[in-house]
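**Student:** Protein sequence lines correspond, in order, to chains A and B. Read in order, the letters of the first sequence correspond to residues 1 to 119 in this note's numbering. Read in order, the letters of the second sequence correspond to residues 120 to 670 in this note's numbering.
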Amino acid sequence: MKALTGNMLQDGEAVFWSHGRWVARFRDAELFDDAGKAEAAEGAAKSQQTVVVDPYLIDVIESEGLWAPLSFRERVRCLGPTNHPQHGKQADGGDDIDALRHAIGAARSTGRVNLIKRK
Amino acid sequence: MYQYDVIDKEFTDDRVAEFREQVGRRIAGEITEDQFKPIRLLNGLYLQLHAYMLRIAIPYGTLTSKKLRKLAWVASTYDQGYGHFTTRTNLQLHWIKLKDAPDILAALGEVGMHSMQTSGNTIRNVTADPYAGATADELDDPRVWAEAIRQWSTLHPEFSFLPRKFKIAVTASAKDRAATRVYDIGLAMRRGRGGELGFEVMVGGGLGRTPYLGATIREFLPTRHLLSYLQAILRVYNRYGRRDNIWKARIKVLVASLGAEAFARQVEAEWEKSEQEQVDLPDIELARIRADFTPKFEALKPRSEAVEKLKASDPAFARFLRHNVHPHKVPGYALVDVSLKTPGQTPGDMTSEQMNVAADLAETYSLDEIRVNYTQNLILPHVKLDDLPAVYAALKAAGLATPNIDLISDIIACPGLDYCALANARAIPVAQHIAERFADPERAEAIGELKIKISGCINACGHHHVGHIGILGVDKKGEEFYQVTLGGSGEEDAALGSMLGPALPADKVTDAVEQMVEVYLRERRDGERFLDTFRRTGVAPFKEAVYADAH
Ligand code: HEM
Ligand code: SF4
Chain A
1 MKALTGNMLQ DGEAVFWSHG RWVARFRDAE LFDDAGKAEA AEGAAKSQQT
51 VVVDPYLIDV IESEGLWAPL SFRERVRCLG PTNHPQHGKQ ADGGDDIDAL
101 RHAIGAARST GRVNLIKRK
Chain B
120 MYQYDVIDKE FTDDRVAEFR EQVGRRIAGE ITEDQFKPIR LLNGLYLQLH
170 AYMLRIAIPY GTLTSKKLRK LAWVASTYDQ GYGHFTTRTN LQLHWIKLKD
220 APDILAALGE VGMHSMQTSG NTIRNVTADP YAGATADELD DPRVWAEAIR
270 QWSTLHPEFS FLPRKFKIAV TASAKDRAAT RVYDIGLAMR RGRGGELGFE
320 VMVGGGLGRT PYLGATIREF LPTRHLLSYL QAILRVYNRY GRRDNIWKAR
370 IKVLVASLGA EAFARQVEAE WEKSEQEQVD LPDIELARIR ADFTPKFEAL
420 KPRSEAVEKL KASDPAFARF LRHNVHPHKV PGYALVDVSL KTPGQTPGDM
470 TSEQMNVAAD LAETYSLDEI RVNYTQNLIL PHVKLDDLPA VYAALKAAGL
520 ATPNIDLISD IIACPGLDYC ALANARAIPV AQHIAERFAD PERAEAIGEL
570 KIKISGCINA CGHHHVGHIG ILGVDKKGEE FYQVTLGGSG EEDAALGSML
620 GPALPADKVT DAVEQMVEVY LRERRDGERF LDTFRRTGVA PFKEAVYADA
670 H
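(1) DSSP puts Glu62(A) in a beta bridge; with which residues?
(2) Can you have a look at Gly607(B) and say buried or exposed, based on whether 16 or more other CB atoms are within 10 angstroms of its CB?
(3) Between the C-alpha atoms of Gly6(A) and Glu642(B), what's the straight-line distance to the nearest angstrom?
(4) Please check if any C-beta of chain B sits within less than 7 Å of the C-beta of Gly43(A).
(5) Using only the alpha-carbon positions, how far apart do Ala512(B) and Phe439(B) sit?
(6) Classify Ile89(B) as buried or exposed, calling it buried when 16 or more other Cβ atoms lie within 10 Å of its own Cβ.
(7) Taking 7 Å as the CB-CB cut-off, is Glu152(B) touching chain A?
(8) Which residues, in order along the region 161-181 of chain B, keep a beta-carbon less than 9 Å from a beta-carbon of chain A?
(9) Taking the alpha-carbon of Ala194(B) as reference, which of Trp214(B), Arg207(B), Thr181(B) has the nearest alpha-carbon?
(10) Does DSSP classify Lys92(B) as helix, strand or coil?
(11) Apart from the five residues on each side of it in sequence, which residues of its chain come closer than 6 Å, Cβ to Cβ, to Cys119(B)?
(12) Contact between the region 489-501 of chain B and the region 174-185 of chain B: three or more CB pairs below 8 Å?
(13) If you follow the alpha helix (DSSP H) that Asn357(B) is in, where does it begin and where does it stop?
(14) Just confirm the distance between the C-beta atoms of Gly586(B) and Ile566(B), as a whole number of angstroms; I'd bet it's less than 8 Å.
(15) Mapping the DSSP letters down to three states, classify Ser272(B) as helix, strand or coil.
(16) Would you mind stating whether Ala99(A) and His169(B) have Cβ atoms separated by less than 7 Å?
(17) Sorry if obvious, but does the Cβ on Ala542(B) come closer than 6 Å to a heavy atom of the ligand SF4?
(18) Taking only three categories from DSSP, how would you classify Thr196(B)?
(19) For a test of your reading of the model: does the CB of Asn244(B) fall under 6 Å from any non-hydrogen atom of the ligand SF4? Yes or no.
(20) Measure the alpha-carbon distance for Asn114(A) versus Ala226(B) and round it to whole angstroms.
(21) Which term fits Arg118(A), buried or exposed, when burial requires 16 or more other beta carbons within 10 angstroms of its beta carbon?
(22) Report the start-end ranges of each beta strand (DSSP E) in the region 180-237 of chain B that is 3 residues or longer and not cut off at the edges.
(23) Determine the direct distance from the alpha carbon of Glu137(B) to that of Leu316(B), and round the result to whole angstroms.
(24) What are the residues of the region 535-558 of chain B that lie near chain A, defined by any Cβ-Cβ distance shorter than 8 Å?
(25) Give the single residue among Arg134(B), Thr483(B), Asp132(B) whose Cα lies nearest to the Cα of Asp505(B).
(26) Hey, how far is the Cα of Thr110(A) from the Cα of Thr241(B)?
(27) Could you pull out every residue in the same chain whose Cβ sits closer than 7 Å to the Cβ of Val658(B), ignoring the five residues on either side in sequence?
(28) Tell me Leu7(A)'s beta-bridge partners as DSSP assigns them.
(29) Would you kindly report the start and end of the unbroken alpha helix (DSSP H) that includes Glu417(B)?
(30) Between Trp390(B), Lys284(B), Leu569(B), which has its C-alpha nearest Gly324(B)'s C-alpha?
(31) Relative to chain A, which residues along the region 203-227 of chain B have a C-beta separation below 8 Å, given in chain order?
(32) Determine the contact status of Val665(B) and Ala631(B), defining contact as a CB-CB distance below 7 Å.
(33) Would you call Ser47(A) buried or exposed, if buried means 16 or more other Cβ atoms sit within 10 Å of its Cβ?
(34) At what residues does the alpha helix (DSSP H) containing Ile175(B) begin and finish?
(35) Going by the DSSP bridge assignment, what does Lys2(A) pair with across the sheet?
(36) Are any of the Cβ atoms in chain A nearer than 7 Å to that of Gln270(B)?
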């Protein structure tokens, strides 16, 4: 399963693709089980140059019956910094936030699809 | 404190206006991200995990109350009410919006601050001994020279597109509080045989993926030739430094591949043929700069009854005096360390309220000066002894008086995976956990000087290579692991740490630190610091203690 993420151009916030729009919470992200559809969405996102910076696909796994990014780095992006739990998206709390906190898996180098990019 | 003149002011204003236009064009879609990214980096604006990050330059770590208040205001107006002081004595704000960045830079410009050359392949913010102008053990105020370098290097057309970033640090003391051995150029003032002042010039130090200690390429450079000699070094680097491979582009790789002697010969040859007098500062300009670094001290008694009295009655104050207060060159004054390392807090973080407290204290009690130390603490450099009780009380009320300078809980940590897009693992929670384990001030004092430095990836922004205990976050099959090194130092006895053994899982790091501390307490001979004991015993007993379970 995959999701599509990036950072908003104007404020830098981490966001997720959902049927052509960008949403702030990972629980609202569109999930792709079809690689072709995921890549098509990535292509569409890349053309939104004035909306989002550097969109990319990430791998998603199951956690506590909900979905979470495989990579720890991506989970930090969904939550906010772990040293300041009152900052970032995690501040609002909720089951989805707990599921993200409890997920385990890759720290950084895996989980981002096509991480190695042309220089 | 050095004051920007009208020309500086017009220039920074123009620069803000230019950036405002560039941001506008990016948002309107007139330029692409690929075109815009180098422009925003030239203004210190990075995109990190959660938001943009703005890196604000604090030249040679010196602030006035007005500047610090402005930083506090920016942090509470445009960020989440706090900032992060770094090992390069800059301030990083982690929650910045692109659309606010021009307004922020305009606000900073009002007090002579900016973000220029805090990123990119240029000569970066120049750092200096944080005790400059206050410590008795210096030959001169190194900031005079750091300011000269700042003026010379800012937007220097020849050196705006170097092969890679370039960092210069200056000290004028035998005790190295500026980590000069791990800089691209480290300058340490020495007195020549005839009494003349000069610099020992060290080149090619650096951390990151391939750490090196700088090599001395000239034992004694008369101070008046500083700029022409720097120009010669940069010319040789600009000509021969590699541009084909980002990991081999720093000057350290050039110096290592040519050999320090051959590199030195090239520099000398370049210097001989250059028109030195066109670059070297005329005495009159030097005197103008120097005038801004000459605060007016009063004639005071070298002893304060108020301090002695409180010291006798309040053990916490006595401890604060032992660890956070240092002798000043002028009788009756002291240097006061402001700890940003209360166990449990993020190393180097400071709230806007705390910044305002520190600014008020600087204004009332420290000749309006405050310094940033690369250890991610602040310093009030010129406090009268009689004022120490009041300063202590105010710092304590603001949570800034933790008496742990250079002790085990005074940990350097980079932002790591909590913020940084390049990170492999977190650094801050590791620091918090260790500091909490050693939160008892008596225990910390019994352990004595012990410098732990943590980076979240091999770029080494947290100086882990030169920690007495260095901790490096790595990603091992998707888990946060930490590689431990021992015996590093960034000071006058500079050394790169040696590897303890296989990387440890996150939940074993604090235990390992504690086990190593136990070994040290068992092995130490009188007066030895952790570092000294390690240097005598080598890694074996430490390794044995930490990996005992694994056998
Ligand atoms: C956006 C955040 C940051 C990025 C992208 C970044 C990037 C880097 C990179 C790529 C290097 C390695 C350079 C090389 O080996 O050629 C490096 C080194 C370094 N950085 Fe950072 N860094 C960041 C934040 C920081 C912070 C927060 C600090 C201070 C706490 C810092 C201080 C340093 C220092 C002291 C070095 C090592 C000295 C050197 O060899 O240049 N950086 N940084
Ligand atoms: S050491 Fe790595 S993780 Fe830490 S701030 Fe530097 S680049 Fe980021």
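Don't be surprised by glycine CBs; every beta carbon is placed ideally from N, CA and C.
**Tutor:** So, from the listed chains and residues:
(1) Trp67(A)
(2) buried
(3) 52 Å
(4) no
(5) 11 Å
(6) The question about residue 89(B) has no answer here: the residues shown for chain B are numbered 120 through 670.
(7) yes
(8) Leu166, Gln167, Leu168, His169, Ala170, Tyr171, Met172
(9) Trp214(B)
(10) Because chain B is modelled from 120 through 670, residue 92(B) falls outside the range shown and cannot be assessed.
(11) Residue 119(B) falls outside the range modelled here, since chain B spans only 120 to 670, and no answer is possible.
(12) yes
(13) 345-359
(14) Not a contact, Cβ separation roughly 15 Å.
(15) helix
(16) no
(17) yes
(18) helix
(19) no
(20) Confidence at Asn114(A) is low in this model, with a pLDDT of 46, below 50, so the placement of that residue should be treated as unreliable; the coordinate-derived value is given next. Asn114(A) and Ala226(B): Cα-Cα distance of roughly 40 Å.
(21) No answer about Arg118(A) holds up, because its pLDDT of 34 lies below 50 and its placement is not dependable.
(22) 181-183, 201-204, 210-215
(23) 42 Å
(24) Leu536, Asp537, Tyr538, Ala542, Asn543, Ala544, Arg545, Ile547, Pro548, Gln551
(25) Thr483(B)
(26) Here Thr110(A) scores only 48 on pLDDT, less than 50, and its place in the model should not be relied on; the value that follows carries that caveat. Spanning the two alpha carbons is a distance of roughly 33 Å.
(27) Leu605, Ser617, Leu619
(28) Reading the sequence as shown, one finds Asn at residue 7(A) and not Leu. Bridge partners of Asn7(A): Ala14(A), Val53(A).
(29) Unbroken run through Glu417(B): none, as it is neither H nor E.
(30) Lys284(B)
(31) His213, Trp214, Ile215, Lys216, Leu217, Lys218
(32) yes
(33) exposed
(34) Ile175(B) -> not in any alpha helix (DSSP H); beta strand (DSSP E) instead, spanning 171-175.
(35) Phe32(A), Asp59(A)
(36) no
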